[in-house]
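One structure below.
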Amino acid sequence: LQIRALQQHIEKFGPLQSIYELQAVRLFDLPTIRLIQPFVALNPPSLASTFTFKNMFKEGTNDWFFRYRRTVQKQAGFLPDIDAQEPANYLGSPDYLYTRYRFQYRNNVIAGFTMEKDAGEQLTNGPDFLSAHLFIRNNGFVKTIALGDFQAQFGQGLTFWNGLGFGKSPFVMNVKKNANGLRPYTSVNESLFLRGAAVTFKMKKFELTTLASYKKIDGNAINNVDSTFTDDNIVVSSLQISGFHRTEGELADKGAITERIGVANLKYATRTFHLATTAAFIDYSLAVAPGDQLYEVNKFNGKKNTNIGIDYQKVFRNINFFGEGSRSANGGLAMLNGFVASLHSRISVSAVHRFFGNDYQAQYFNVFQESSRPQNERGMFIGLEALIAKGWTLSAYSDQIVYPWLRFQVQAPSHTSDYLTQLSYKPDRKQEIYFRYRVRNGVEDLGGTDRIDYPVAE
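Residue numbers (this note's numbering): 5 to 462.
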């Protein structure tokens, strides 16, 4: 309600001339203004008009973080097998080393590097993981430039979303994802990043983002004589995302596959509406082969995939509508639509409907979902949040999910229901007490020695 009131004030009277003008905005009280004041800027100047190297090094901040960890007791991987007369599985020392440096000038220039060595990894050729980035923000035609390692997030995470994101939780109003576009990468996850270059151009109400990524990723390459995906029979049975390179087998998988990614996103945005389209192309140097289980028949296979999607967002009075639809190269379709609404200053509701086709395929995603990937799922989520008294909040949701095809350990189409109710009491900013009750019903295979397996209630 306050966000919509601010938008209406700007639409009626034009851009704010002073931070003190917030006092004239409907529904903005003094405590709210004081809380948001450190994060509000009015018409910030472009980087090009105020930038000098002298000011950058004078005003910039430097952070250097170092971490060391070692388990005192000898772990199994570091102990030799005396009976089999074999050396320890882990080739390196049990020391964990991590360091990160970051330089930041205002909110415009961010640069730094990250290095990490996991316990059991060797330092023969330097740190096992090395990441560096240069990130520049501007308010001119060239809005953002990213070099080195970065992340990219678009829409509702259905077509392309690289990085972390949150799904279903007791915070029932947090069902809509707010894509950040390009972001610098400073984590040590050795798979959830892009490596290359990206740029965002802005002209009035339009934004165009393009990126190119090229990096080596871990994978288990095998010789599959029955493969129909490649002529040399070399395929990838699985992509490794752990980032560990401690044993000879893990080192053999390190950097076994080359990944090339190209993404373009065009967005038209006003204060209350945006419409965008995203195209993402991915190419592997080796073909990815799915497993031979029946439930895996629709998983991605081959070397290349293309996803094309359209996402939208519209604020109408006190309702925020959002959604995204996407199509993969094999013709698989997926769609998500939802809304968040303030029915009253004390009552809010949310709803998310998703339709993920059995054959939809995507590599980089982070969408509101129940399964591990947006595939083989139909669902309807409804949430409610009510401020029933001072300090007391009641939250509840219902989520009904249907799986038209087989899943892991479920050898038939199935259904899952999920209900949650939470009553929270927060007397002040430092304390919170809550009572949560959750009921979840699903099915999984009975197992045992029967020739025909079938699902039963969990």
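We treat Cβ as the ideally placed atom computed from N, Cα and C, and that holds for glycine.
#1: Taking 7 Å as the threshold (C-beta atoms), are I226 and I261 in contact?
#2: Short check: CB of D403 to CB of D422, under 7 Å?
#3: Determine whether the beta carbon atoms of S349 and M177 lie at a separation below 7 Å.
#4: Hey, out of N322, G335, A338, F359, whose CA is closest to L347's CA?
#5: If you drop the 5 nearest sequence neighbours on each side, which residues of the same chain put their C-beta closer than 7 Å to that of T118?
#6: What's the gap between the Cα of T213 and the Cα of A284?
#7: Please identify the residue among L337, K394, V447, A156 whose C-alpha is closest to the C-alpha of P431.
#8: Quick check on F360: buried or exposed, where buried means 16 or more other Cβ atoms within 10 Å of its Cβ?
#9: Let me know if N59 comes out buried or exposed under the rule of 16 or more other beta-carbons within 10 Å of its beta-carbon.
#10: For the beta strand (DSSP E) that contains Q426, what are its first and last residues?
#11: Which runs of the beta strand (DSSP E), 3 residues or longer, sit entirely within the stretch 89-140?
#12: Any idea what DSSP makes of G253, helix, strand or coil?
#13: Where does T470 land, buried or exposed, given buried means 16+ other C-beta within 10 angstroms?
#14: For Q27, which residues in the same chain have their Cβ closer than 8 Å to its Cβ, ignoring the five residues on either side in sequence?
#15: List, from N- to C-terminal side, the beta strand (DSSP E) runs of 3 residues or more that fit wholly inside the stretch 251-291.
#16: Give the secondary structure of N66 by DSSP, where H, G and I count as helix, E and B as strand, and everything else as coil.
#17: I need the boundaries of the alpha helix (DSSP H) containing A9, first residue and last residue.
#18: At a cut of 8 Å, does the stretch 379-399 reach the stretch 271-282 through at least three beta carbon pairs?
#19: Got a sec, what are the start and stop residues for the beta strand (DSSP E) T397 sits in?
#20: Quick one: is E211 buried, meaning 16 or more other Cβ sit within 10 Å of its Cβ, or exposed?
#21: Name the DSSP beta bridge partners of N311, please?
With the structure as the only source:
#1: On the sequence shown, position 257 is the one that residue 261 refers to. On the sequence shown, position 222 is the one that residue 226 refers to. No, Cβ-Cβ distance for I261 and I226 is not below 7 Å.
#2: Position 399 of the sequence shown, counted from the start, is the residue given in the question as residue 403. Position 418 of the sequence shown, counted from the start, is the residue given in the question as residue 422. Yes, they are a contact pair.
#3: Working through the sequence shown from its first residue, we reach residue 349 at position 345. Working through the sequence shown from its first residue, we reach residue 177 at position 173. Taking 7 Å as the Cβ cut-off, S349 and M177 do not qualify as a contacting pair.
#4: Taking the sequence shown and counting its residues from 1, one reaches residue 347 at position 343. Checking every option, the nearest Cα to that of L347 belongs to N322.
#5: Working through the sequence shown from its first residue, we reach residue 118 at position 114. Same-chain partners within the cutoff: R104, S135, T190, V192.
#6: Along the sequence shown, one-based indexing puts residue 213 at 209. Along the sequence shown, one-based indexing puts residue 284 at 280. Whole-angstrom Cα-Cα distance: 12 Å.
#7: Stepping through the sequence shown from its first residue, residue 431 is reached at position 427. With distances taken between Cα atoms, P431 lies closest to K394.
#8: Mapped onto the sequence shown, residue 360 falls at position 356. Counting Cβ neighbours within 10 Å, F360 comes out buried, since at least 16 surround it.
#9: Along the sequence shown, read from residue 1 onward, the residue named residue 59 stands at position 55. Classification of N59: exposed, given that the 10 Å Cβ count is below 16.
#10: On the sequence shown, position 422 is the one that residue 426 refers to. Run containing Q426: 418-432, per the beta strand (DSSP E) assignment.
#11: 100-109, 113-121
#12: Along the sequence shown, read from residue 1 onward, the residue named residue 253 stands at position 249. Of the three classes helix, strand and coil, the one that applies to G253 here is helix, per DSSP.
#13: This structure gives no information on residue 470, because the portion of the chain shown stretches from 5 to 462.
#14: For this step, residue 27 is matched to residue 23 along the sequence shown. Taken in chain order, the residues that qualify are L34, I37.
#15: 261-273
#16: Numbered from its first residue, the sequence shown carries residue 66 at position 62. In this structure, N66 counts as strand in the three-state DSSP scheme.
#17: The count along the sequence shown starts at 1 and reaches residue 9 at position 5. According to the DSSP assignment, A9 belongs to the alpha helix (DSSP H) that extends over 6-17.
#18: The stretch 379-399 vs the stretch 271-282: no contact.
#19: Taking the first residue of the sequence shown as position 1, residue 397 is located at position 393. Its beta strand (DSSP E) spans residues 396-407.
#20: As a first step, residue 211 is located in the sequence shown; it is residue number 207 there, counting from the start. Counting Cβ neighbours within 10 Å, E211 comes out buried, since at least 16 surround it.
#21: Within the sequence shown, residue 311 is the residue found at index 307, counting from 1. A284, S332.
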